[in-house]
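Worksheet: the structure to be examined is printed underneath.
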Amino acid sequence: MSAEPDGPEDRLRRFTTIWSRAVYPVTSTSLTRAEFEQRLLPLARRLSELLRAHGFDADGAKAVGAALVGAHCTDPEALARTLDCVDAYLVLYCAGDGPQDEPRIRCSRLQHAMAAGYAEALRRRTLAEQESIAQAALRAQGVVAQALHASEARFRAVFEGAAIGVGIADLDGHVLQANQALLRMFGLSEQTLRGRRVQDWVHPEDAPQTWKLYDELVRGEREHYHLEKAFNRPDGTVLWTNLTVSLLRDADGSPQYQLALMEDTTERRLLNLRLRYEATHDALTGLPNRTLFFERLEKVLNAGEGQRFGLCYLDLDGFKTVNDSLGHAAGDRLLVEVADRLQSCATAPGEMVARLGGDEFVALTTGPGTARKVDELAERIMNALITPISIDGRDLMVRGSLGIVEGPAGERTAAEVLRSADITMYRAKSAGGNRSELADPEADARAITRHGLTTALPTALERGEFFIEYQPLVHLGDGSVRGAEALVRWLHPQHGVLGPDRFIPLAEHTGLIVPLGRWVLEESIRQARAWRERHGEDAAAGPLRINVNLSPCQLSHPGLVQDTVDILERAGVAPDALCLEVTESALIGADDDLLKPLHRFAEMGVDIALDDFGTGYSNLANLRRLPVRILKLDRSFTRGMQQFPADPVDLKIVEGIVSLAHSLDLAVTVEGVETGAQAEQLRILGCDTAQGWYYARPGPPERLHDLALVDATG
Amino acid sequence: MERPAWAPRSIDISVPSVSRIYDYYLGGSHNFEVDREAARKAMEFMPGLPKIMQANRAFMRRAVRFAAGEGITQFLDIGSGIPTFGNAHEVAQAAVPGARVVYVDHDPVAVAHSQAVLAGNDAADVVAADLRKPKEILSSPEVERLIDLNRPVALLLVAILHFVEDADDPYGAVAELRDALAPGSLLILTHASYEGIPVPAERAEGAVDVYKDIRNPLIMRSRDEIARFFEGYDMVEPGLVPMPHWRPESAPEDEDPFAFSGFAGVGRTA
Chain S
1 MSAEPDGPED
11 RLRRFTTIWS
21 RAVYPVTSTS
31 LTRAEFEQRL
41 LPLARRLSEL
51 LRAHGFDADG
61 AKAVGAALVG
71 AHCTDPEALA
81 RTLDCVDAYL
91 VLYCAGDGPQ
101 DEPRIRCSRL
111 QHAMAAGYAE
121 ALRRRTLAEQ
131 ESIAQAALRA
141 QGVVAQALHA
151 SEARFRAVFE
161 GAAIGVGIAD
171 LDGHVLQANQ
181 ALLRMFGLSE
191 QTLRGRRVQD
201 WVHPEDAPQT
211 WKLYDELVRG
221 EREHYHLEKA
231 FNRPDGTVLW
241 TNLTVSLLRD
251 ADGSPQYQLA
261 LMEDTTERRL
271 LNLRLRYEAT
281 HDALTGLPNR
291 TLFFERLEKV
301 LNAGEGQRFG
311 LCYLDLDGFK
321 TVNDSLGHAA
331 GDRLLVEVAD
341 RLQSCATAPG
351 EMVARLGGDE
361 FVALTTGPGT
371 ARKVDELAER
381 IMNALITPIS
391 IDGRDLMVRG
401 SLGIVEGPAG
411 ERTAAEVLRS
421 ADITMYRAKS
431 AGGNRSELAD
441 PEADARAITR
451 HGLTTALPTA
461 LERGEFFIEY
471 QPLVHLGDGS
481 VRGAEALVRW
491 LHPQHGVLGP
501 DRFIPLAEHT
511 GLIVPLGRWV
521 LEESIRQARA
531 WRERHGEDAA
541 AGPLRINVNL
551 SPCQLSHPGL
561 VQDTVDILER
571 AGVAPDALCL
581 EVTESALIGA
591 DDDLLKPLHR
601 FAEMGVDIAL
611 DDFGTGYSNL
621 ANLRRLPVRI
631 LKLDRSFTRG
641 MQQFPADPVD
651 LKIVEGIVSL
661 AHSLDLAVTV
671 EGVETGAQAE
681 QLRILGCDTA
691 QGWYYARPGP
701 PERLHDLALV
711 DATG
Chain H
1 MERPAWAPRS
11 IDISVPSVSR
21 IYDYYLGGSH
31 NFEVDREAAR
41 KAMEFMPGLP
51 KIMQANRAFM
61 RRAVRFAAGE
71 GITQFLDIGS
81 GIPTFGNAHE
91 VAQAAVPGAR
101 VVYVDHDPVA
111 VAHSQAVLAG
121 NDAADVVAAD
131 LRKPKEILSS
141 PEVERLIDLN
151 RPVALLLVAI
161 LHFVEDADDP
171 YGAVAELRDA
181 LAPGSLLILT
191 HASYEGIPVP
201 AERAEGAVDV
211 YKDIRNPLIM
221 RSRDEIARFF
231 EGYDMVEPGL
241 VPMPHWRPES
251 APEDEDPFAF
261 SGFAGVGRTA
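Here the protein sequences come in this chain order: S and H.
Sequence positions in the first sequence follow full-length UniProt numbering and run 1 to 714.
Sequence positions in the second sequence follow full-length UniProt numbering and run 1 to 270.
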């Protein structure tokens, strides 16, 4: 729109420019100055009209004031500058010519109305904006609250639905909240539980540190603790839990609540207890078993200085017979009855009876005065067995062998103590049973050595630790060497050379005597052949013979005869080069079966010698049915001839035996000849052959060779 | 216990907010006393702060119109704050009817307010997200609904990057956004700086400290540091300049001296 210079339009624009320049610096509009001025132009025009209008239009002026706010002139300074501008220039630029009084008055009134309109608009806008930002803040908070609510709902679901018990209490111990799982475990309603305090749940089975940990936690010195804890339920049962308690702190880190998480372990615990009971008790008798007994014994032995213990080890005599003859069921009932009786013997505190297995029982006593107490305990046990036990209408006499060990704690292990008791019990048993023996270190040591030798025997044979020495048998008539007795020795790696008395009984006990005996036979026959090869058949009194000892065990072994035949054949040695020595006692009460192999040997041409004759009860009548060719007189008969003059009774006995033997066509060999006088005396009495230190001690086979040579050349 | 990812941070309106302070500088009443108190404190050091904000608004207005003139119809305004008046969508939709505008802010109150303002405006929306996580912005349903990333976009980062500390890698975020934009897109950016402030730097630091106190530190960067945000962009004439010098529509000499604080620029992706 073009404006005529200094015309009304031009004047209006000049007013607008002045107005805009005054106000623009205090606005916060993003419009340019020119744009802002364009924005003011219609307002200026309106003011001009209102100035010149017939009547005063207050609302019109108010609208102009409000429009300023609409143009973002929210700084009140903009109003001040606007009013200054209107006051100074509106009448001047817009009133036109003519009297100015009327427009002046009108201008003042317009300003009042503009100010009111501006204030009203600014107030409305301010309130609206405050309202809108407050609403926005509320909505934003609402979103957060909703999310928090959702999160809380999730947590509540987790809390309520958790399978483990969850409870929250304040630091004074008042229970604030508990979930369903916890209520179920405790068997309490929420109301009842909420009235409780954590400290009320003291239980006799609480671990010692339980409440110390609790106090540390509520004082803020500990973040959490974990333990097993028992609680009493209202129905009187006990709830066992795996309990974890954590300290909850607020945002500033000060302790606020305690959180308990608990898992019901009652059933698992019962199961564990049952398993533990089953693992530590004997199913048949209900007595503690070996495991529990060892635990107890170890505890006692580790109890420290000044503590003592006493132990009785009982093994029933002849229990195997009961089992074998009456059956295992009867045997079991017997054991149950014995267990009951033993149980009643262990009455004092610290006493315990256990079944180690089979028919072996132990009783343990501890505390002061065990030396006396263990004796009394042993006596009670032996007395308890006196009354017969009635099984299936039969009264069974029960006897037992008891080994007693008593001593201080801290010196021996449980295994050592039990071994001592076991050895002692065996001593009681070897002494005939139905008695008790007190442990003795020397006897223990012997037994332990014997045990060591027994277990070492099989490997000793494999490793070739055995060797044989030979003791010559000399003809009393001409002094010639007629043969030798093979005597087995053990070159033990630790104990050195051991004689047969040390290990033959052990070998007989374990059955090793059979392979060992075979080995001795093989070796000896091999040796016999070697001698024969060297001397041929040319020795004055025939070939050298070999005497080998046979144990009762070997005698009852079915392969004995065949083995011997095989060995002889393999070595190419005639049976008459072999003499088997059997002890008189081995044949006591021997039946025909036992004698059969001896008859076979005799038939083959192997000589049988009756060893140690005169030490048994020398059933002379028996001699007739035995296939014996030689009697070997025990050294006890010849001992009396070592002195001079010889014991006349011994002389008479030997004379009688020789005469009897010769009349039965038996040869007589004497053992233990140590002096020339003895030898001479025996020769006079008619003995045929002799062996002893007088001639030679047992030695290696070469020595015998030398003797034989001397004999041959002399 | 760590706050679960799905539970938002609580809103504390007793803590000043930079977007409400900005509104106060622009003469608005979308603010609370805490905001006004902080704003007045900063103004004790730099009384012309409102003029800087006003210059920002004026630059944004010119730049959006420029973009519209370049044929751009999609606008992504990150750090939009509380749109008192003269907002991007008003300017853009005045210039190009139907222009699409997505505002982004991490202040939940600003977002709620924008939602109220934009109610009924189908071509504009707001996303609650953070400039430091560009992926969340680009993959938001609002951006997917309104912005076609295969066509040029005007990305507005007006008075926001100076609130992102180097530790949060603002350059990486800007580059990630750039890589998502189609060729011909524009970056419209302003940034605070000690350069151009008409008061001694010590006084300006007083204002900076106020922002530090309200836990929204103001990172003043040099022109060179600000220029690095345009890596990968060709600068639109006249380049990176004080706000009144960017394609002025009225004589820069008439501007308040505070309006020359900081820098503004527009870049175009190749």
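The beta-carbon is built from N, C-alpha and C at its ideal position, and this holds for glycine as well.
- For H/LEU49, the enclosing alpha helix (DSSP H) begins and ends at 49-69.
- Of all C-beta pairs linking the stretch 349-364 of chain S to the stretch 278-296 of chain S, three or more are shorter than 8 Å, placing the two stretches in contact.
- Using a CB distance cut-off of 7 Å, H/PHE163 does not count as an interface residue toward chain S.
- By the Cβ rule, the stretch 390-407 of chain S counts as touching the stretch 333-347 of chain S, because three or more pairs are nearer than 8 Å.
- Each of S/GLY499, S/GLY195, S/TRP19 and S/GLY167 was checked against the Cα of S/GLY699, and the nearest Cα belongs to S/GLY499.
- With a contact defined as Cβ atoms closer than 8 Å, S/THR365 and S/LEU377 qualify at about 5 Å.
- Annotation: Cβ neighbours of S/THR74 in chain H (cutoff 7 Å, chain order): GLY27.
- Here the stretch 70-80 of chain H makes contact with the stretch 89-102 of chain H; the two share three or more CB pairs at distances below 8 Å.
- Nearest in C-alpha terms to H/SER261, of all of H/TRP246, H/ALA270 and H/PHE32, is H/TRP246.
- Our two residues, S/PHE644 and S/VAL474, have alpha carbons roughly 23 Å apart in a direct line.
- Listed in chain order, the non-local C-beta contacts of H/PRO198 below 8 Å within the same chain comprise GLY48, PRO257, PHE258, PHE260 and SER261, local neighbours out to five positions each way being set aside.
- For the stretch 136-148 of chain S, the residues whose beta carbon sits under 7 Å from a beta carbon of chain H are, in order, ALA136, ALA137, ARG139, ALA140, GLN141, VAL143, VAL144, ALA147 and LEU148.
- In this structure, the straight-line span from the alpha carbon of H/ASN31 to that of H/SER185 is close to 34 Å.
- At least one C-beta of chain S is nearer than 7 Å to the C-beta of H/ARG61.
- A direct Cα-to-Cα measurement between S/TYR225 and S/VAL175 gives close to 18 Å.
- The CB of S/ARG33 comes closer than 7 Å to the CB of SER250 and ASP254 in chain H, given here in chain order.
- Burial check for S/SER189: the Cβ neighbour count within 10 Å stays below 16, so the residue is exposed.
- Pairing S/ARG46 with H/ALA251, the inter-Cα distance amounts to about 29 Å.
- Comparing C-alpha distances from H/LEU187 to each of H/ARG215, H/LEU156, H/GLU202 and H/ALA204 shows the shortest one belongs to H/LEU156.
- Residues of chain H with a Cβ closer than 7 Å to the Cβ of S/SER132 are, in chain order, HIS30, HIS113 and ALA116.
- Chain-ordered, the chain H residues with CB closer than 7 Å to the CB of S/GLU129 read GLY28, SER29 and HIS30.
- Secondary structure note for H/PHE229: it is in no alpha helix (DSSP H), with a DSSP letter that is neither H nor E.
- Secondary structure note for S/TYR214: its alpha helix (DSSP H) is the uninterrupted segment 210-218.
- Assigned with DSSP and collapsed to three states, H/LEU149 falls in coil, not helix or strand.
- Counting along the chain, S/VAL238 sits inside the beta strand (DSSP E) bounded by residues 238-249.
- Look at the stretch 39-73 of chain H: the residues with a C-beta under 7 Å from a C-beta of chain S are PRO50, GLN54, ARG57, ALA58 and ARG61.
- By the neighbour-count criterion, in which a residue is buried when 16 or more other Cβ atoms sit within 10 angstroms of its Cβ, S/LYS62 is buried.
- Between H/SER80 and H/ASP105, the C-beta spacing is below 7 Å.
- In the three-state reduction of the DSSP assignment, S/SER401 falls in the strand class, which pools E and B.
- Membership of S/PRO645 in any alpha helix (DSSP H) is not indicated, and neither H nor E is assigned to it by DSSP.
- Counting only Cβ-Cβ distances below 7 Å, S/THR126 has contacts in chain H at SER29, in chain order.
- In the displayed model, S/HIS203 falls within coil according to three-state DSSP, outside both helix and strand.
- Legend: CB atoms of the stretch 87-112 of chain H lying less than 8 Å from CB atoms of chain S belong to residues PRO108, VAL109, ALA110, VAL111 and ALA112.
- H/GLY28 counts as buried, since no fewer than 16 other beta carbons sit within 10 angstroms of its beta carbon.
- Separation of the CB atoms of S/CYS85 and S/ILE18 is rounded to 6 Å, and the pair is thereby assigned contact status at 8 Å.
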